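Numbering-wise (UniProt numbering), the sequence shown opens with residue 1 and increments by one.
Built from N, CA and C at the ideal position, the CB exists for glycine as well.
Since we're looking at a predicted model, the values are computed, not measured.
Data first, discussion second: the structure below is written as structure tokens.
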Amino acid sequence: MFPRLSLRRLHTRGNKQTRLLYPEGYWRCIFLNPPGEWLSPPFPALFFVDFSLLPDYNAAEHFKVNGPDQPVIAILGEDVVLPCHFFPAISAEHMQVSWLQTSTNFIVHQYKNGMDQNQDQMPKYRDRTEFIKYYISCGSVSLRIRNIGLSDEGQYTCYFQFDTYYDKATVELKVAGLGNVPSISVNDHQDREISVLCESAGWYPEPEVTWRHEDGQSLTPASETETEEHNGLFNIKTSLLRTNQHGRISCHIRNIILNQERESAISISAVFYQRVSRWMASLTLILVSVIIPCGLLVVLAVYHLKKERKEKAKLSADNEKLTADNEKLLDSTAKLTANNAKLTADNGKLSADIEMLTADKNTLSSKNEKLMTDNAKLTTDNGKHSADIEMLTADKKSLRTELEWRRCCSYAVDVTLETAHPILLVSEDRKSVRGGTKQNLPDNPERFDIRHAVLGCQSFTSGRHYWEVQVEDTSFWMLGVCKDSVKRKGGGNAYLGDGYWTVKLCNSEYSTFPSLQILPSLRERPQAVGIFLDYEAGQVSLYNLNDKSLLHTFTSTFTETLRPFFSTDTTPRIRPVASWE
1 MFPRLSLRRL HTRGNKQTRL LYPEGYWRCI FLNPPGEWLS PPFPALFFVD FSLLPDYNAA
61 EHFKVNGPDQ PVIAILGEDV VLPCHFFPAI SAEHMQVSWL QTSTNFIVHQ YKNGMDQNQD
121 QMPKYRDRTE FIKYYISCGS VSLRIRNIGL SDEGQYTCYF QFDTYYDKAT VELKVAGLGN
181 VPSISVNDHQ DREISVLCES AGWYPEPEVT WRHEDGQSLT PASETETEEH NGLFNIKTSL
241 LRTNQHGRIS CHIRNIILNQ ERESAISISA VFYQRVSRWM ASLTLILVSV IIPCGLLVVL
301 AVYHLKKERK EKAKLSADNE KLTADNEKLL DSTAKLTANN AKLTADNGKL SADIEMLTAD
361 KNTLSSKNEK LMTDNAKLTT DNGKHSADIE MLTADKKSLR TELEWRRCCS YAVDVTLETA
421 HPILLVSEDR KSVRGGTKQN LPDNPERFDI RHAVLGCQSF TSGRHYWEVQ VEDTSFWMLG
481 VCKDSVKRKG GGNAYLGDGY WTVKLCNSEY STFPSLQILP SLRERPQAVG IFLDYEAGQV
541 SLYNLNDKSL LHTFTSTFTE TLRPFFSTDT TPRIRPVASW E
């Protein structure tokens, strides 16, 4: 089947042009040259050119969402379809379509990723909505709502989104209720005057009510029509006074939205207005009881005839609409046929691409396995290299520290001890000191009287100086330098004040004195400690001579004379510094 097209031919000198009013699709332009015109030898020549004209559906500006221009009317308790479609007519199977309540933007129904997704749907629409997918490939995204109620009336938004582009259309839904057939009764009657009552229930919105004579003339009711609202629906009650008038009268109630009405009629005989004897009244009642049912039968027959006429007219209109829809479907079918041909060609190309990708995948899988094996080997090698780097880093740090220590050794000085606390005995070579019985010695301002300490004889006011002290098997010691002016007599805070740059071992804990900064613990106690003083740099460094590591460095500014400081609980000894030249 080929699509029906409207063509218009444009002629220019030496050229032939054809304009396609509906150009979307795949086309073949055929040129047939009659024999003997401009080709030699003379024979009919056939040329053709294949080309395609397809809209750029990736361009968002080509999409529009359209809804009906007029409100959609629904009858209470029945189903209704809210129409919405894309222009141009394209498939919406892989797009996002949301139906929203316009006043609140709450979700009535949502279609996304090829399926209904109603997790956030408004509760009152649960199990009452259906997204019609039959024509979704043609761009139709209509929504069916079942069992319409009054609360469903209002505006709905058909919202469409494709990538970053979106559009929407508004659909207005009006709800109408067609009440029951009016009930007519004679309420009461007196001389020459009767009251006729007409009642009906279940109308929405409030209907129009009229009384008519059998000649079609409108009659004025006795009072204003009474309307009573019940569950949102209107109940109607109206009455008519008749004075010495007979004939057929009818009550008409019309829904202004549906433009449909219901009616009932009653015939009033002249006997209603006459004063008669009891037997005449009885006879009249008997006649009325016969006439009224007959009249009702006639009214029902007329009503059904009118209803049948209206239904036929509606069926005729529906048939015309179906014919138009059928033509549209034929057009859509032609377009789908063309699209199917394109998809078939694309499918063949995709199959070839899939085979190529499968081969590439297998190749990549083999390479990936090899890479994984290489990666595992590299990971193992990396672990080994990391361990080697850590070891080299530690060795480098150890070598740097040892080089620093060796540099210090080049500034070795021969330190001897001077006057000590009376309980301390200095050796004859003045290289060691030990505890003993307190000696009765003359007072000397250079001697400590409280702290068990001793200073070196040497004093320093400049330069670099290094000496070593043997402290093996010692649980307490305090070594470093101090000002020559430190207080040696008495106790108190002044005794523990500034002027000391020492490291102390006490209770297996290393700390600075007098600042009492805790130093990192050592795996084993030092057998000897090296002390290095750089007067100009303002630094005092102490080394653990077990592994030549740095214990601590003090930084300050020296302006006074400094002297070596010793304090211990056993026998420290100043040992000679090894030569590293």
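Among Leu562, Ser521 and Pro514, nearest to phenylalanine 532 - alpha-carbon criterion: Working through the sequence shown from its first residue, we reach residue 532 at position 532. Checked all of Leu562, Ser521 and Pro514; the closest Cα to phenylalanine 532 is Leu562.
List in chain order: all unbroken beta strand (DSSP E) runs of 3+ residues lying wholly within the segment 467 to 513. Counting only runs of 3 or more, we get 477 to 483, 500 to 506 and 509 to 513.
Which of helix, strand or coil does DSSP assign to alanine 338? For this step, residue 338 is matched to residue 338 along the sequence shown. Residue state, collapsed to three classes: helix.
Rounded to the nearest angstrom, what separates serine 432 and proline 572 at their Cα positions? As a position in the sequence shown, residue 432 is number 432, starting the count at 1. As a position in the sequence shown, residue 572 is number 572, starting the count at 1. Here the C-alpha atom of serine 432 lies approximately 6 Å from the C-alpha atom of proline 572.
Using only the alpha-carbon positions, how far apart do alanine 537 and serine 556 sit? In the sequence shown, the residue the question calls residue 537 occupies position 537. In the sequence shown, the residue the question calls residue 556 occupies position 556. Cα-Cα distance, rounded: 8 Å.
Taking DSSP as the reference, what is the three-state secondary structure of arginine 464? Against the sequence shown, residue 464 aligns to sequence position 464. Note: arginine 464 maps to strand in three-state DSSP.
Cβ neighbour criterion (16 or more within 10 Å) applied to alanine 264: Working through the sequence shown from its first residue, we reach residue 264 at position 264. According to the sequence as given, residue 264 is serine; it is not alanine. Serine 264 should be labelled buried.
Three-state secondary structure assigned by DSSP to arginine 525: For this step, residue 525 is matched to residue 525 along the sequence shown. Arginine 525 carries a coil assignment under DSSP once its states are collapsed to helix, strand and coil.
Three or more C-beta pairs closer than 8 Å, one from the segment 173 to 188 and one from the segment 103 to 119: is that the case here? No: the two stretches stay apart, fewer than three of their Cβ pairs being nearer than 8 Å.
Take glycine 202 as the anchor and find which of Arg212, Gly216, Asn180 and Pro221 has the nearest alpha-carbon. Translated into positions along the sequence shown, residue 202 becomes position 202. Of the candidates Arg212, Gly216, Asn180 and Pro221, the one whose C-alpha sits nearest the C-alpha of glycine 202 is Asn180.
Is the Cβ-Cβ distance between residue 599 and asparagine 255 less than 7 Å? Outside the modelled stretch of the chain, which goes from 1 to 581, sits residue 599, for which no answer is possible.
Taking the alpha-carbon positions, what's the valine 540 to phenylalanine 513 distance? Here residue 540 refers to the residue found at position 540 when the sequence shown is read from its first residue. Here residue 513 refers to the residue found at position 513 when the sequence shown is read from its first residue. For valine 540 and phenylalanine 513, the gap between their C-alpha atoms comes out near 13 Å.
Where serine 137 falls: helix, strand or coil (DSSP): One-based indexing of the sequence shown puts residue 137 at position 137. In the structure shown, serine 137 falls within a helical segment according to DSSP collapsed to helix, strand and coil.
In this structure, does DSSP put asparagine 113 in helix, strand or coil? What you label residue 113 is simply residue 113 of the sequence shown in a count that begins at 1. Asparagine 113: coil per DSSP, three-state reduction.
Could you tell me the distance, in whole angstroms, from the CA atom of serine 508 to the CA atom of serine 475? As a working note, residue 508 is residue 508 in the sequence shown. As a working note, residue 475 is residue 475 in the sequence shown. The alpha-carbon separation between serine 508 and serine 475 amounts to approximately 7 Å.
Rounded to whole angstroms, what is the Cα-Cα separation between tyrosine 535 and serine 398? As a working mapping, residue 535 is identified with position 535 in the sequence shown. As a working mapping, residue 398 is identified with position 398 in the sequence shown. Each residue's alpha carbon lies about 25 Å from the other.
Any chance the segment 154 to 173 sits against the segment 96 to 106, with 3 or more Cβ pairs inside 8 Å? With contact defined as three or more Cβ pairs closer than 8 Å, the segment 154 to 173 and the segment 96 to 106 are in contact.
What does DSSP give as the partner residues of aspartate 167 in its beta bridges? Mapped onto the sequence shown, residue 167 falls at position 167. Beta-bridge pairing links aspartate 167 to Phe160.
Valine 65 classed as buried or exposed, judged by whether at least 16 other C-beta atoms fall within 10 angstroms: Within the sequence shown, numbered from 1, the residue matching residue 65 stands at position 65. The residue in question, valine 65, is buried, as its Cβ has 16 or more Cβ neighbours within 10 Å.
Hey, how far is the Cα of methionine 280 from the Cα of serine 218? For the purposes of this step, residue 280 is identified with residue 280 of the sequence shown, where counting begins at 1. For the purposes of this step, residue 218 is identified with residue 218 of the sequence shown, where counting begins at 1. With a pLDDT of only 48 at methionine 280, under 50, the local geometry of the prediction cannot be trusted, and no value is derived from it.
Residue span of the beta strand (DSSP E) that contains proline 520, given as start and end: Taking the first residue of the sequence shown as position 1, residue 520 is located at position 520. Run containing proline 520: none; DSSP gives neither H nor E here.
May I ask you to verify whether the segment 68 to 81 touches the segment 171 to 180, counting CB pairs closer than 8 Å and requiring at least 3? Yes: the two stretches touch, three or more of their Cβ pairs being nearer than 8 Å.
Hey, how far is the Cα of glycine 114 from the Cα of serine 91? In the sequence shown, counting from the first residue as 1, residue 114 sits at position 114. In the sequence shown, counting from the first residue as 1, residue 91 sits at position 91. The C-alpha of serine 91 is placed about 11 Å away from the C-alpha of glycine 114.
Backbone CA spacing between threonine 363 and asparagine 382 [nearest angstrom]: Walking along the sequence shown from the start, residue 363 turns up at place 363. Walking along the sequence shown from the start, residue 382 turns up at place 382. Linking threonine 363 to asparagine 382 through their CA atoms gives a straight-line distance of about 28 Å.
Start-to-end residues for the beta strand (DSSP E) that takes in cysteine 198: To locate residue 198, count along the sequence shown from 1; it is residue 198. Here the beta strand (DSSP E) through cysteine 198 covers 193 to 203.
By alpha-carbon positions, which one of Val108, Asn368, Thr323 and His94 ends up nearest to aspartate 152? Locating residue 152 in the sequence shown gives position 152, counting from the first residue. Ranking the options by Cα distance to aspartate 152, first place goes to Val108.
Since I believe histidine 465 is in contact with tyrosine 411 (beta carbons under 8 Å), could you give me their beta-carbon distance rounded to a whole number of angstroms? Along the sequence shown, one-based indexing puts residue 411 at 411. Along the sequence shown, one-based indexing puts residue 465 at 465. The pair is a contact, with the Cβ atoms about 6 Å apart (cut-off 8 Å).
Does tyrosine 111 pass the burial test, meaning 16 or more other C-beta atoms within 10 Å, or should it be called exposed? Residue 111 sits at position 111 when you count from the first residue of the sequence shown. By the neighbour-count criterion, in which a residue is buried when 16 or more other Cβ atoms sit within 10 angstroms of its Cβ, tyrosine 111 is buried.
Pick helix, strand or coil for serine 432, following the three-state DSSP scheme. Indexing the sequence shown from 1 puts residue 432 at position 432. In the structure shown, serine 432 sits in a strand (DSSP, three-state: E or B).
Note down the Cα distance separating isoleucine 257 from glycine 149, rounded to an integer number of angstroms. The count along the sequence shown starts at 1 and reaches residue 257 at position 257. The count along the sequence shown starts at 1 and reaches residue 149 at position 149. For isoleucine 257 and glycine 149, the distance between alpha carbons rounds to 16 Å.
Neighbour flag for alanine 92 against chain B, beta carbons, 7 Å: Annotation note: the requested chain B is absent from the structure, which comprises a single protein chain.
Taking glutamate 261 and isoleucine 253 to be in contact with their CB atoms under 8 Å, please state how far apart those CB atoms are, rounded to whole angstroms. Within the sequence shown, residue 261 is the residue found at index 261, counting from 1. Within the sequence shown, residue 253 is the residue found at index 253, counting from 1. Confirmed, about 6 Å.
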